[in-house]
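One line per chain: the protein sequences are A and B, in this order. Just so it is clear: in the first sequence, position 165 is 165 by UniProt numbering, and no numbers are missing. Just so it is clear: in the second sequence, position 98 is 98 by UniProt numbering, and no numbers are missing.
Number of protein chains: 2
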Amino acid sequence: MRTLFHIPLSPFCRKVRLALAEKRIPFELRIERVWERRPEFEAMNAAVTVPVLLEENGFAIADSYAICEYLDEAYPDVPLFGRTLGERAEVRRLVAWFDGKFNAEVTRNLLFEKQMKRLLGRGNPDATAMRAGYQNMRPHMAYLGWLAENRAWLAGPHISLADFAAAAHLSALDYIGDVKWELSDAARDWYARMKSRPCFRAILADRVSGLTPPEHYDNPDF
Amino acid sequence: MRTLFHIPLSPFCRKVRLALAEKRIPFELRIERVWERRPEFEAMNAAVTVPVLLEENGFAIADSYAICEYLDEAYPDVPLFGRTLGERAEVRRLVAWFDGKFNAEVTRNLLFEKQMKRLLGRGNPDATAMRAGYQNMRPHMAYLGWLAENRAWLAGPHISLADFAAAAHLSALDYIGDVKWELSDAARDWYARMKSRPCFRAILADRVSGLTPPEHYDNPDF
Numbered sequence: 001m002r003t004l005f006h007i008p009l010s011p012f013c014r015k016v017r018l019a020l021a022e023k024r025i026p027f028e029l030r031i032e033r034v035w036e037r038r039p040e041f042e043a044m045n046a047a048v049t050v051p052v053l054l055e056e057n058g059f060a061i062a063d064s065y066a067i068c069e070y071l072d073e074a075y076p077d078v079p080l081f082g083r084t085l086g087e088r089a090e091v092r093r094l095v096a097w098f099d100g101k102f103n104a105e106v107t108r109n110l111l112f113e114k115q116m117k118r119l120l121g122r123g124n125p126d127a128t129a130m131r132a133g134y135q136n137m138r139p140h141m142a143y144l145g146w147l148a149e150n151r152a153w154l155a156g157p158h159i160s161l162a163d164f165a166a167a168a169h170l171s172a173l174d175y176i177g178d179v180k181w182e183l184s185d186a187a188r189d190w191y192a193r194m195k196s197r198p199c200f201r202a203i204l205a206d207r208v209s210g211l212t213p214p215e216h217y218d219n220p221d222f
Numbered sequence: 001m002r003t004l005f006h007i008p009l010s011p012f013c014r015k016v017r018l019a020l021a022e023k024r025i026p027f028e029l030r031i032e033r034v035w036e037r038r039p040e041f042e043a044m045n046a047a048v049t050v051p052v053l054l055e056e057n058g059f060a061i062a063d064s065y066a067i068c069e070y071l072d073e074a075y076p077d078v079p080l081f082g083r084t085l086g087e088r089a090e091v092r093r094l095v096a097w098f099d100g101k102f103n104a105e106v107t108r109n110l111l112f113e114k115q116m117k118r119l120l121g122r123g124n125p126d127a128t129a130m131r132a133g134y135q136n137m138r139p140h141m142a143y144l145g146w147l148a149e150n151r152a153w154l155a156g157p158h159i160s161l162a163d164f165a166a167a168a169h170l171s172a173l174d175y176i177g178d179v180k181w182e183l184s185d186a187a188r189d190w191y192a193r194m195k196s197r198p199c200f201r202a203i204l205a206d207r208v209s210g211l212t213p214p215e216h217y218d219n220p221d222f
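Put into structure tokens, the structure is as follows:
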């Protein structure tokens, strides 16, 4: 069986899980404790990061960018990057926005500080970073809301990897109760639409031991 | 004329310049002082980052990932991502390696601390970051050397965006005299091959005001 090596709250892993599920490609999940630096895993990915996708024929693909582009080339039936050159550039710009800018300005400051540091034994959360994370969330929610209000989906007329990248970050932050949904009705409505898609079910059913999500986490009508 | 908005020492801009030149796509360069947040530029790219590619028909593409994928789709004559699914996954894994991991562990700690901070008025270089940058360069040069020794080009049998991404980071660091070429003969030989390609000429001719590169910078036989 095709296997995705992941960490449950990693937005990069969640993006790949959503892309696989939207394309109805069956796969098994396997948690990889990257900090243990398992030699068999390092042989698949020298960077020792998740996600890594292992195809049934033994072909391993590392890095969420490489995996998502691969999935669209290998399984083009449900296209996730748009159709025209213009749509594709916009999808990728927004994927880079969420995986680059949003990740650096919001996700890392909250999820990494509060969760990953504990997991990796890297000490206590940095209060300055967390404050920056909450502050940075405001303009990001405003931009997300603007996109959601002015387009059918974030990148344009079709649902795309831009929606899944954004939803992956927000779902991980929502699990730890850190998304201020009251900042944007349009962003909340868009996320409710994302949550009600079949591809989202496994993510909403995920539970991390020792950490209970807020009540609204798996409720599409929040 | 097609225009690339850039900053001369940005590795992400250099990667796009190399890709454009390798594909023999004509373009003009325009320096964008992103810190001035020019409204016309913000309208092209809400993230207010370089590079941005503006096509003659007015179509603007933001983010180096989106631009490089666009270039290969719109101008496929000189393919930069490999031919098979396996080659393409490997090219993208290595692009992510250099633009993600190498950038975070080496480039930012040296180029950002020593150059960009001054440009952006963000204070003095952080000595701890710079020390980490020099330390992290060792395993990265070893890995680069291993790739260069075991393959015709970094990602496999063909030159690819992986070579251009790596060379973009190294050329920017080499400009400020921060690449320890003595760490790997194989890496140095690979970089000498890159420097002697026609697509590299403009990068080697670049000069940043107030900052003179070391003598070997533009010499292919260094």
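Beta carbons are placed, not taken as given, at the ideal position from N, Cα and C, and that holds for glycine.
Is residue 209 of chain B buried or exposed, if buried means 16 or more other CB atoms sit within 10 Å of its CB?
Your numbering for residue 209 of chain B matches position 209 in the second sequence. Result: exposed.
**Request:** Please state whether DSSP places residue 154 of chain B in a helix, a strand or coil.
**Result:** Looking up residue 154 of chain B in the second sequence gives position 154. Residue state, collapsed to three classes: coil.
Label residue 109 of chain B either buried or exposed according to how many other C-beta atoms from any shown protein chain fall within 10 Å of its C-beta, with 16 as the threshold for buried. Position 109 of the second sequence holds residue 109 of chain B. Classification for residue 109 of chain B: buried.
Exercise for review: Spatial neighbours of residue 155 of chain B within its chain, please: CB distance less than 6 Å, with the 5 preceding and 5 following residues excluded, ordered by chain position.
Suggested key: For the purposes of this step, residue 155 of chain B is taken as the residue at position 155 of the second sequence. These residues qualify, in order along the chain: 90, 91, 94, 162.
- Task: Compare the C-beta of residue 195 of chain A with all C-beta atoms of chain B and state if any pair is closer than 8 Å.
- Result: As a first step, residue 195 of chain A must be located in the first sequence, where it is residue number 195. No, because no Cβ of chain B sits closer than 8 Å to the Cβ of residue 195 of chain A.
Worksheet item: the segment 15-35 of chain A: which residues have C-beta closer than 8 Å to a C-beta of chain B, in chain order?
Response: none
Do residue 186 of chain A and residue 145 of chain A have their C-beta atoms closer together than 8 Å? Taking the first residue of the first sequence as position 1, residue 186 of chain A is located at position 186. Taking the first residue of the first sequence as position 1, residue 145 of chain A is located at position 145. Against a cut-off of 8 Å, the Cβ pair of residue 145 of chain A and residue 186 of chain A comes out as a contact.
Open item on the list: I'd like the span of the beta strand (DSSP E) that includes residue 52 of chain A, first residue to last.
Closed with: Here residue 52 of chain A refers to the residue found at position 52 when the first sequence is read from its first residue. Looking at the DSSP string, the run of the beta strand (DSSP E) that includes residue 52 of chain A is 52-54.
- Query: Can you find a CB in chain A that lies within less than 8 Å of the CB of residue 162 of chain B?
  - Reply: Here residue 162 of chain B is taken as the residue at index 162 of the second sequence, counted from 1. No, residue 162 of chain B lies away from the interface with chain A (no Cβ there is under 8 Å from its Cβ).
Report task. Would you list the residues sitting across from residue 5 of chain B in a DSSP beta bridge? Result -> Against the second sequence, residue 5 of chain B aligns to sequence position 5. Answer is B:30, B:52, bridged to residue 5 of chain B.
Apart from the five residues just before and just after residue 167 of chain B, which ones in its own chain have a Cβ nearer than 6 Å to its Cβ? Counting from 1 along the second sequence, the entry for residue 167 of chain B is found at position 167. So the qualifying residues of the chain are 194.
Verify whether the separation of the beta carbon atoms of residue 205 of chain B and residue 101 of chain A is less than 8 Å.
Translated into the one-based positions of the second sequence, residue 205 of chain B becomes position 205. Translated into the one-based positions of the first sequence, residue 101 of chain A becomes position 101. No, the Cβ-Cβ distance between residue 205 of chain B and residue 101 of chain A is not below 8 Å.
Q.
When you compare the CB positions of residue 98 of chain B and residue 19 of chain B, do they come within less than 8 Å of one another, or not?
A. The residue given as residue 98 of chain B occupies position 98 in the second sequence. The residue given as residue 19 of chain B occupies position 19 in the second sequence. It is not a contact, given that the beta carbons lie outside the stated cut-off.
*Along chain A, which residues have their Cβ under 8 Å away from the Cβ of residue 54 of chain B?*
Mapped onto the second sequence, residue 54 of chain B falls at position 54. The contacting residues do not exist; residue 54 of chain B stays about 12 Å from chain A at best.
Item to check | Contacts that residue 59 of chain A makes with chain B (C-beta to C-beta distance below 9 Å) | outcome: Here residue 59 of chain A refers to the residue found at position 59 when the first sequence is read from its first residue. Going along chain B in sequence order, the residues near residue 59 of chain A (Cβ under 9 Å) are 85, 86, 89.
At the level of alpha carbons, what is the spacing between residue 121 of chain B and residue 65 of chain B? Locating residue 121 of chain B in the second sequence gives position 121, where the first residue counts as 1. Locating residue 65 of chain B in the second sequence gives position 65, where the first residue counts as 1. Those two C-alpha atoms are separated by around 27 Å.
Taking all protein chains shown into account, decide if residue 217 of chain B is buried (16 or more other Cβ within 10 angstroms of its Cβ) or exposed. Position 217 of the second sequence, counted from the start, is the residue given in the question as residue 217 of chain B. It counts as buried.
Going by DSSP, name the residue or residues bridged to residue 208 of chain A. For this step, residue 208 of chain A is matched to residue 208 along the first sequence. Beta-bridge pairing links residue 208 of chain A to A:211.
Chain-ordered chain B contacts of residue 114 of chain A [CB-CB under 9 Å]: Sequence index remark: in the first sequence, residue 114 of chain A carries index 114 (1-based). Within 9 Å Cβ-Cβ: nothing; residue 114 of chain A doesn't reach chain B, min ~20 Å.
Exercise. Looking at the unbroken alpha helix (DSSP H) that takes in residue 104 of chain B, where does it start and where does it end?
Worked result: Counting from 1 along the second sequence, the entry for residue 104 of chain B is found at position 104. That residue, residue 104 of chain B, is in no alpha helix (DSSP H); it is neither H nor E in DSSP.
Taking three-plus beta-carbon pairs below 8 Å as touching, is the segment 36-51 of chain B in contact with the segment 4-14 of chain B?
yes
* Asked: Nearest-angstrom Cα distance between residue 78 of chain A and residue 129 of chain B?
  -> Here residue 78 of chain A refers to the residue found at position 78 of the first sequence. Here residue 129 of chain B refers to the residue found at position 129 of the second sequence. Using only the alpha carbons, I get a separation of about 44 Å.
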